[in-house]
Amino acid sequence: MEKQSGPKILNPKKLTPIKLLLLDVDGVLTDGQITYTDTGEQIKSFDSKDGLGLRLIMDNGIRVGIVTGRKSNALAHRCRNLGIDLVFDGTKDKARALAKIIEQTGICARDIAFVGDDLIDLPAMIRVGVSFTVPDAPKEVKDRADFITSARGGHGAVREICEAILKSQGLWDQLLSKYLS
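In the numbering used here, the protein residues as written are 18 to 198.
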């Protein structure tokens, strides 16, 4: 029996145990467009609000990692800028990458959230505690995700997820108060 498409309500309690957020890149951290210069360099655009969201969860003890099928200098620069050192790029087998991450970090699958936007992400998405996708993902991905963000990839989807995790873990109000004092 196939799950129905449509709005999905995520129980915040499902996010409480999350210790690691894993992200695909193209279509999640970016809008999915890949631009090449005449010299063959890739150009990617990243959302600054997503970046702050990632910094906020990392500053509150939640690890962040990247699992993507492509390699790019732009991604390497972005990860360095954000302090993300758990990077599996150029990987086509995301289930295998997930297994390596679990072994490397000691964090069990049920305490991991994965954000993906296409079929290649499904093997990891179906093996973790919570899976997210974006509104323009294929139906097959949306049907299997625990939650579909309201924002598109590269346009605040990751920030939305970071805030949901922080709120579910009771960290948001204290974090917000730092900015209001």
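Glycine included, every Cβ here is placed at the ideal spot set by N, Cα and C.
Span of the alpha helix (DSSP H), counted from its first residue to its last, around ILE118: 111 to 122
Would the segment 64 to 72 count as touching the segment 162 to 174 if we require 3 or more Cβ pairs under 8 Å? yes
Quick one: grab the DSSP three-state call for ILE26. coil
Kindly indicate which three-state DSSP category SER148 falls into: helix, strand or coil? strand
Segment limits, alpha helix (DSSP H) that includes ARG72: 65 to 76
Identify whether ALA181 lies in helix, strand or coil by the three-state DSSP scheme. helix
Where does VAL175 sit, in a helix, a strand or coil, going by DSSP? helix
From what residue to what residue does the alpha helix (DSSP H) around ARG161 run? 156 to 161
Identify every residue that forms a DSSP beta bridge with ARG80. LEU37
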